[in-house]
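Quick note on the numbering used here: the sequence shown kicks off at 117 and runs consecutively.
For every residue, glycine included, the Cβ atom is placed at its ideal position computed from N, Cα and C.
Shown next, in structure tokens, is the structure this report addresses.
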Amino acid sequence: MAVAPFSDKYWSSIEAISTREARAVQDERLREQIAHLAANSAFYREKFSQHHVDVTRVRTVEDLAGLPFTEKYELRDSLVEHPPLGAHVAVDAGDIVQIQASSGTTGSPSYVGLTASDIATWCELGARALYANGFRPGDRLLHAFGMSKGFVGGLPVVQILQYMGIVDIPIGAEAGAERLLRVQADQRPNALIGTPYFLTHLAEQAPKIVGRAARELGVRAISVGGEPGGGLPSVRDNLEALWGATAREMLGGTDIACTYWGECEVGDGMHFLSPDLMIAELIDPETGEQIAPHEGAQGELVYTALRRQASALLRFRTRDHVVVTGTDCRCGRTGYKVRCIGRTDDMLIVRGINVFPSAIKQLVLELAPETTGEMRIRADFEGHSTQRPLPLLVEHATGMSEEQQENLRAALEERIRSALNVKTVVSLVPDGTLKRPDHVKVALIERVTS
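Structure follows, in structure tokens:
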């Protein structure tokens, strides 16, 4: 059954409560969640014992700093040693009504169990994010995230949209550009969701496939996520120009929920929207120390679920590296705002300088139309660190002379050196050489062997 929004501005009144009110709610629910884990999760009972945690002394959000993190590898080990859902599952098997899976880029995916209550919580989290993005009850939406493999961009997004009273047309990215665009042209849904680079590719194919520009196909609002980049000005501006629609970003993840950060109409970062349902900490990825979320602060996001029954997590390290873009907003929402600039485990260190692939992607995009925007880092070294210039493959536009290509190559190397203090060796390839995004996200780093 669909749930009505609180107002024209917010899905939930929680989005505009004061920091003091939010903290009071979090303190109460944290005590309840800790008690639930201690009573029902063998994984956390063992973790508390190993780290000498007295759960009765965890009373406030401030007490989290003294608790251990939960790492992704621990969850993988738990799933292997205690199938099917690991020792961290905190309900009886009969209470599980749905299981979702991560992308599983190495080996088996991670599996997440959900109770009926957990699904309702995921829907509420997602509704707040997508409402901030501009989706409204009564909208009709073309679903261009991947629908297969148990990914949270599939069925959970359908459930969120139905909860909001939005009609989902679940075609899925796997169907390909032709099918999606023909459905868009036939059904004229006014909302669109998917990864930013795939939706850009989709729009670019519209004239060839349906004989009309994407901006003529009736889309009013776009929500993008699933990979960094949707908030970059060049990506956003391009999407909005191609589709003739607003494009806003959201952020989530399989382990905690489908989506729970959402960008409002101001468009300068994604709000934290649900202090009643989760705690979001910002930490230094090297030291683990907490960082206050003031404007300009950077760090890794760490989450604690507050209303999770089944695969509940405490201080889960996401490896999502974000920059805080603001702590207040004229939209009235009180949650601080972030941009995701990459994953700490994707970060490269080039002669001592930290570099995120998305930062290089932005610089390449800014030189369009001379570049197509497609690029790959050809990592010819082990690990994440190198003392050599960074090899970079970039697509150039069709019809460029050799002189124009040489000027573009030099401009790219100088632009990256100036902006990031990193030396690169750019090789140009023709338009169409590099794989385009589809239902599987395209990695910006390609490992090559010498």
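Option in the options with minimal Cα separation from residue i
{"i": "I476", "options": "L528, V228, H500, S134", "result": "L528"}
{"i": "F159", "options": "Y279, V471, R435, V196", "result": "V196"}
{"i": "D392", "options": "E381, G451, V351, I338", "result": "G451"}
{"i": "M516", "options": "G404, G242, R525", "result": "R525"}
{"i": "Q303", "options": "V335, A291, A245", "result": "V335"}
{"i": "K539", "options": "G499, L483, L464, T549", "result": "L464"}
{"i": "A217", "options": "D353, D371, P323, A140", "result": "D371"}
{"i": "P199", "options": "V174, S427, V268", "result": "S427"}
{"i": "A293", "options": "T443, R449, E320, N306", "result": "E320"}
{"i": "V558", "options": "Y126, L536, A484, P473", "result": "P473"}
{"i": "A260", "options": "V207, V213, A291, D143", "result": "A291"}
{"i": "R646", "options": "H387, G270, L271", "result": "A query on residue 646 cannot be resolved here, the shown segment of the chain reaching from 117 to 566 and no further."}
{"i": "I532", "options": "Q521, L153, L506, I130", "result": "L506"}
{"i": "F314", "options": "A245, I493, W359", "result": "W359"}
{"i": "G567", "options": "G262, A248, D143, A329", "result": "Here the chain has residues from 117 to 566 only, and residue 567 is not among them."}
{"i": "R252", "options": "I282, R433, N470, A330", "result": "I282"}
{"i": "A245", "options": "A138, L271, L277, L183", "result": "L277"}
{"i": "P485", "options": "K125, C445, N354, G412", "result": "N354"}
{"i": "Q406", "options": "A120, G182, H317, E518", "result": "G182"}
{"i": "V174", "options": "L389, D400, L146, D496", "result": "L146"}
{"i": "N156", "options": "A203, M263, Y419, L297", "result": "A203"}
{"i": "G345", "options": "Q414, R331, E365", "result": "E365"}
{"i": "L318", "options": "L348, E356, P349", "result": "E356"}
{"i": "P578", "options": "K125, G489, D255", "result": "Any property of residue 578 remains undetermined from this structure, which presents the chain solely from 117 to 566."}
{"i": "G242", "options": "V273, L297, L479, Q142", "result": "V273"}
{"i": "G229", "options": "V480, E240, A209", "result": "A209"}
{"i": "F497", "options": "V510, N523, E482, V564", "result": "V564"}
{"i": "L481", "options": "S224, N470, H512, R467", "result": "H512"}
{"i": "V541", "options": "A120, V510, A535, T514", "result": "V510"}
{"i": "G383", "options": "C445, L333, I395", "result": "C445"}
{"i": "T572", "options": "E187, A396, R192, D143", "result": "The structure shown does not extend to residue 572, since the chain spans only 117 to 566, so no value can be given for it."}
{"i": "L479", "options": "H168, P349, P409", "result": "P349"}
{"i": "Q503", "options": "I130, V471, A373, G250", "result": "V471"}
{"i": "L297", "options": "A330, G262, P546", "result": "A330"}
Bounding residues of the beta strand (DSSP E) (the contiguous stretch that carries residue i)
{"i": "W377", "result": "373-379"}
{"i": "A307", "result": "307-310"}
{"i": "V418", "result": "414-421"}
{"i": "S427", "result": "Where S427 is concerned, there is no enclosing beta strand (DSSP E), given that its DSSP letter is neither H nor E."}
{"i": "E562", "result": "561-563"}
{"i": "S339", "result": "337-340"}
{"i": "L333", "result": "Taken as a continuous stretch (DSSP letters only), L333 belongs to no beta strand (DSSP E), as it is neither H nor E."}
{"i": "F388", "result": "386-388"}
8 angstroms contact criterion, which residue i and residue j should meet: CB distance rounded
{"i": "L257", "j": "V299", "result": "That pair is no contact at about 11 angstroms."}
{"i": "D234", "j": "R424", "result": "6 angstroms"}
{"i": "G385", "j": "T375", "result": "At roughly 15 angstroms, the Cβ-Cβ gap does not stay under 8 angstroms, so G385 and T375 are not in contact."}
{"i": "V90", "j": "P305", "result": "In the structure displayed, the chain extends from 117 to 566; residue 90 sits before or after that span and is not available."}
{"i": "A301", "j": "R328", "result": "7 angstroms"}
{"i": "R352", "j": "A337", "result": "The pair is not a contact, with the Cβ atoms about 13 angstroms apart (cut-off 8 angstroms)."}
{"i": "I493", "j": "I561", "result": "5 angstroms"}
{"i": "R435", "j": "D400", "result": "Incorrect: roughly 13 angstroms between the Cβ atoms, too far for contact."}
{"i": "E416", "j": "R433", "result": "7 angstroms"}
{"i": "L422", "j": "I395", "result": "6 angstroms"}
{"i": "A132", "j": "R449", "result": "6 angstroms"}
{"i": "G404", "j": "F185", "result": "7 angstroms"}
In DSSP terms, what residue i is bridged to
{"i": "Q76", "result": "Since the first and last residues shown for the chain are 117 and 566, residue 76 lies out of range."}
{"i": "D436", "result": "R459"}
{"i": "S501", "result": "I465"}
{"i": "P507", "result": "V541"}
{"i": "G369", "result": "A373"}
{"i": "Y126", "result": "According to DSSP, which records beta bridges pairwise, Y126 is partnered with nothing at all."}
{"i": "L257", "result": "D284, A307"}
{"i": "M394", "result": "A421"}
{"i": "A363", "result": "I338"}
{"i": "Y227", "result": "A217"}
{"i": "G383", "result": "Per DSSP, none; premise fails for G383."}
{"i": "V454", "result": "M386, V440"}
{"i": "P121", "result": "BP columns for P121 are empty, so no partner."}
{"i": "P553", "result": "Paired residue(s): none; P553 is not in a bridge."}
{"i": "P546", "result": "H512"}
First and last residue of the uninterrupted alpha helix (DSSP H) at residue i
{"i": "Q521", "result": "518-536"}
{"i": "A245", "result": "232-248"}
{"i": "E356", "result": "349-359"}
For this session: Run through the segment 467-498 for me and flag every whole alpha helix (DSSP H) of 4 or more residues, listed as ranges in chain order.
Result: Counting only runs of 4 or more, we get 473-481.
Exercise. Can you list, in chain order, the stretches of the alpha helix (DSSP H) that have 4 or more residues and sit fully within the segment 132-218?
Worked result: 135-156, 158-166, 188-197
For this session: Could you pull out every unbroken alpha helix (DSSP H) segment of at least 4 residues lying fully inside the segment 267-324, listed in chain order?
Result: 271-280, 292-303
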